[in-house]
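Colleague:
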Amino acid sequence: MIEENDIQALLKRIEGSNSFGSSATYGRLLQFLVACTQENNIPKEHALAEHIFGKNAEGADTSKIRVYVYHLRKKLQLYFENEGKDDPYTLSIPKGGYKVQFKKNTADSLWSVLSPNAKIAIWGILGLLLCSIAVNALLVYKNNSTPQHLMSKSPIWQDFFKNDKPVLVIIGDLFIFSEENHITGKLVNFRLPEINSKAEFETYKNLEENDERILAEMTYPHLVKSSAEWVSQLTKIFHPTKDFNIRVRTRVDAKDVHDYNIVFVGMQKTAGILNSYFDSSVFDYDSKETNEYRLKSPNGMLSYQPEGDPNNKHSDYGFIAKYPGPNNNTIFMFSGLWDSATSESLRNFASPNKISVMEKCMEAELGHIPEYFEMLIGVNGVDRIGFETKVLHLNELSNN
């Protein structure tokens with residue numbers, strides 16, 4: 042049984058954490074639910090509403106309590122996934138009621154009952170497993186890695202190696218959110234193609250959320266299957282000469298774009314703040330209605346949209362742009378309308394053989410290999426894998 046001093050210490054840690062935030066309202070609500078649980082007097086929604094909103098609480102305030110408790114559960118979950126993951130006790134409010142539940146941390150209790158010999162055996166097994174993983178990873182890397190020095194000497198990549206700025210690899214992640222239905226009790230995760238940012242989600246939430254339908258942003262990213270391949274290819278380019286960090290796009294802000302040399306890989310709709318590039322490009326990108334690239338030409342507006350079934354035979358379009366950043370840094374964008382062209386955009390610049398083809402294309406089109414450029418490619422593919430690339434447009438960009 043958890044002691045009173047342990048309860049108060051736990052509440053203090055929770056309320057002072059970044060995961061819980063600085064809301065006095067949620068702190069009061071949590072303290073009240075804990076006190077009622079200790080007294081074995083689980084409150085009704087009206088009693089909760091009076092405690093939070095005062096004696097004059099109305100019916101609408103009562104319905105709001107469900108929303109508050111929903112978000113309180115989320116805050117507690119986030120705390121125990123982060124700052125509180127090593128706490129001796131966990132605290133939760135199971136769905137269907139307002140009784141607080143304390144549990145001893147099962148990971149701690151399991152370890153604590155093991156004998157010293159059992160612990161030594163487990164550490165030995167873990168050590169062997171880690172050694173095996175390391176050896177296999179090294180063998181895979183040696184068998185599959187490209188000659189890294191060739192990539193670092195390419196005019197297209199060399200400024201990433203000569204520049205002292207650190208490199209940040211940004212992977213485009215899909216925006217997902219959850220919906221809890223208080224009538225059915227079901228919790229469902231959603232991905233809507235038209236929602237690709239927190240701002241778009243908040244607009245949707247203001248229109249769709251009600252007392253029965255609670256919407257919340259997910260606390261973890263959602264990546265497409267090709268993301269692992271993208272990271273692998275970039276690792277072969279930079280390792281071991283150049284260190285780099287990896288983040289998903291939804292965890293990147295304007296300061297990062299200012300401080301790092303950037304490599305972005307992801308579908309165009311996941312590029313977020315990097316899509317501001319099109320404000321200064323001859324190309325335009327429409328993410329709202331049609332998911333297409335556009336280009337003004339003497340014959341009118343050219344439009345490029347994917348066709349077919351991405352899980353079968355299809356055509357896609359990729360966009361590559363290398364351009365100067367805001368702080369003497371470089372930004373390299375590999376993107377596409379679907380993930381097949383996104384992957385193909387990076388592949389064409391991630392191996393000595395393929396980048397040689399791109400360099401020859403630039404020399405034939407422009408007479409030299411430009412420091413900065415933008416390129417639109419057409420890609421034919423099957424089952425989200427591109428197998429044929431054609432350069433459709435290539436423009437040199439100034440260093441301004």
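Numbering (the working numbering), first residue to last: 42 to 441. C-beta: ideal position from N, C-alpha, C; glycine also.
1) Only counting the same chain, and skipping five residues up and downstream in sequence, which positions put a Cβ closer than 6 angstroms to that of K116?
2) Does S186 come out as helix, strand or coil in the three-state DSSP assignment?
3) By DSSP, does K363 sit in helix, in strand, or in coil?
4) Tell me the start and end of each unbroken alpha helix (DSSP H) in the region 250-323 that is at least 4 residues and wholly inside, in chain order.
5) I'd like to know if the region 348-356 and the region 319-338 are in contact, where contact means that at least 3 CB-CB pairs between them fall below 8 angstroms.
6) Go ahead and pull the three-state DSSP assignment for R69.
7) When the Cβ atoms of the region 211-218 are set against those of the region 289-302, are three or more pairs found closer than 8 angstroms?
8) My assumption, with CB atoms under 8 angstroms, is that L387 sits in contact with E415. Please give the rounded CB distance.
9) Quick one, are the C-beta atoms of H355 and G422 less than 7 angstroms apart?
10) Output needed for G377: all residues of its chain with C-beta closer than 8 angstroms, excluding positions within five of it in sequence on either side, in chain order.
11) Quick one: residues in its chain with C-beta nearer than 7 angstroms to the C-beta of E221, no 5 flanking neighbours on either side, listed in chain order?
12) Can you tell me which of R107, T430, K140 puts its alpha carbon nearest to the alpha carbon of Q72?
13) Could you please give me the residues that DSSP links to N230 through a beta bridge?
14) Compute the distance between the beta-carbons of V208 and F285, then report whether it is under 7 angstroms.
15) Look at R114 and H223 and say whether their C-beta atoms are less than 7 angstroms apart.
16) Assign Y67 to one of two classes, buried (16 or more other C-beta atoms within 10 Å of its C-beta) or exposed (fewer than that).
17) Is the CB-CB distance between E333 and S317 below 7 angstroms?
18) What distance in whole Å lies between the Cβ atoms of D252 and Y130, which are believed to be in contact at a cut-off of 8 angstroms?
19) Could you check what DSSP says for S193 in three-state terms: helix, strand or coil?
20) I'd like to know whether the C-beta atoms of V210 and L169 end up nearer to each other than 7 angstroms.
21) In angstroms with no decimal places, state the Cα-to-Cα distance between K105 and E56.
22) Pick helix, strand or coil for N352, following the three-state DSSP scheme.
23) Are the beta-carbon atoms of I303 and I197 separated by less than 7 angstroms?
24) Beta carbon of M259, beta carbon of F218: below 7 angstroms?
25) Just reading off the alpha helix (DSSP H) that R388 is part of, what are its end residues?
26) Looking at chain C, is there any beta carbon in it that lies within less than 7 angstroms of the beta carbon of L167?
27) If you run the structure through DSSP and keep just helix, strand and coil, what is I48?
28) The alpha helix (DSSP H) that contains N394, what's its start and end?
29) Throw me the rounded Cβ distance for the L191 and P411 pair, which I believe falls under 8 angstroms.
Modeller: Based on what the coordinates show:
1) Reading the sequence shown from its first residue, position 75 is the one you call residue 116. The residues are F61.
2) Locating residue 186 in the sequence shown gives position 145, counting from the first residue. Caution is warranted here: a pLDDT of 48 is assigned to S186, below 50, making its placement in the model unreliable, and the coordinate value is therefore given only provisionally. Note: S186 maps to coil in three-state DSSP.
3) The sequence position of residue 363 within the sequence shown is 322, counting from 1. Taken through DSSP and simplified to helix, strand or coil, K363 comes out as strand.
4) Qualifying alpha helix (DSSP H) stretches, in chain order: 268-279, 295-300.
5) No: fewer than three Cβ pairs fall under 8 angstroms.
6) The residue you call residue 69 lines up with position 28 of the sequence shown. R69 sits in a helix when the DSSP states are folded into three classes.
7) Result yes; three or more Cβ-Cβ pairs closer than 8 angstroms.
8) Locating residue 387 in the sequence shown gives position 346, counting from the first residue. Locating residue 415 in the sequence shown gives position 374, counting from the first residue. Contact flag wrong, Cβ pair sits at about 15 angstroms.
9) Here residue 355 refers to the residue found at position 314 of the sequence shown. Here residue 422 refers to the residue found at position 381 of the sequence shown. Yes, these two residues count as a Cβ contact at 7 angstroms.
10) Position 336 of the sequence shown, counted from the start, is the residue given in the question as residue 377. Within the same chain, G377 has close Cβ partners M308, Q309, D357, Y358, G359, F360, T383, S384, E385, S386, V420.
11) By 1-based counting over the sequence shown, the position of residue 221 is 180. Cβ neighbours of E221 beyond the five flanking positions: Y111, L228, I255.
12) Locating residue 72 in the sequence shown gives position 31, counting from the first residue. Among R107, T430, K140, the Cα nearest to that of Q72 belongs to K140.
13) As a first step, residue 230 must be located in the sequence shown, where it is residue number 189. Among the bridge pairs identified by DSSP, N230 is matched with S219.
14) Within the sequence shown, residue 208 is the residue found at index 167, counting from 1. Within the sequence shown, residue 285 is the residue found at index 244, counting from 1. Contact flag set, yes.
15) Your numbering for residue 114 matches position 73 in the sequence shown. Your numbering for residue 223 matches position 182 in the sequence shown. No. Outside cutoff.
16) The residue you call residue 67 lines up with position 26 of the sequence shown. Looking at its Cβ environment, which holds 16 or more other Cβ atoms inside 10 Å, Y67 is buried.
17) The residue given as residue 333 occupies position 292 in the sequence shown. The residue given as residue 317 occupies position 276 in the sequence shown. No, Cβ-Cβ distance for E333 and S317 is not below 7 angstroms.
18) Walking along the sequence shown from the start, residue 130 turns up at place 89. Walking along the sequence shown from the start, residue 252 turns up at place 211. The Cβ separation is near 33 angstroms, so there is no contact.
19) Here residue 193 corresponds to residue number 152 of the sequence shown, with the count starting at 1. It is helical.
20) Counted from its first residue, the sequence shown places residue 210 at position 169. Counted from its first residue, the sequence shown places residue 169 at position 128. Result no, Cβ atoms of V210 and L169 do not sit closer than 7 angstroms.
21) As a working mapping, residue 105 is identified with position 64 in the sequence shown. As a working mapping, residue 56 is identified with position 15 in the sequence shown. Between K105 and E56, the C-alpha separation is close to 21 angstroms.
22) What you label residue 352 is simply residue 311 of the sequence shown in a count that begins at 1. Three-state DSSP puts N352 in coil, outside helix and strand.
23) Position 262 of the sequence shown, counted from the start, is the residue given in the question as residue 303. Position 156 of the sequence shown, counted from the start, is the residue given in the question as residue 197. Not a contact, by the Cβ cut-off of 7 angstroms.
24) Taking the sequence shown and counting its residues from 1, the one referred to as residue 259 is at position 218. Taking the sequence shown and counting its residues from 1, the one referred to as residue 218 is at position 177. Yes; because the gap between Cβ atoms is below 7 angstroms, this pair is in contact.
25) As a first step, residue 388 must be located in the sequence shown, where it is residue number 347. Counting along the chain, the alpha helix (DSSP H) containing R388 begins and ends at 380-388.
26) Within the model displayed, chain C is absent; a lone protein chain is all it includes.
27) For the purposes of this step, residue 48 is taken as the residue at position 7 of the sequence shown. Helix, per DSSP.
28) Your numbering for residue 394 matches position 353 in the sequence shown. Its alpha helix (DSSP H) spans residues 393-407.
29) Stepping through the sequence shown from its first residue, residue 191 is reached at position 150. Stepping through the sequence shown from its first residue, residue 411 is reached at position 370. Wrong, their Cβ atoms sit about 20 angstroms apart, outside the cutoff.
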